[in-house]
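To start, the structure itself, in structure tokens.
In the numbering used here, the protein residues as written are 3 to 83.
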């Protein structure tokens, strides 16, 4: 299992991530490095990873909020009885 398999990404995002990483690595290995290509590739990598992080946090937050709501709902029901 590689790093991409561990990331919560859609297949297209995984492919894009791999492409941007390869572009960055290839550009870095050149004698004349194009800094704008490196910068754009790294920004794209960052955006993909931020999106994955946001999705994970949103899922965890939604689960946490649901538990709070259910817990408070049960407290309200007990108070009403």
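For every residue, glycine included, the Cβ atom is placed at its ideal position computed from N, Cα and C.
Short check: CB of residue i to CB of residue j, under 7 Å?
i, j, result
"residue 25", "residue 38", "no"
"residue 15", "residue 50", "yes"
"residue 54", "residue 11", "yes"
Can you look up residue i in the DSSP assignment and give me helix, strand or coil?
i, result
"residue 32", "coil"
"residue 11", "coil"
Quick check on the burial criterion: 16 or more other C-beta atoms within 10 angstroms. Buried or exposed for residue i?
i, result
"residue 30", "exposed"
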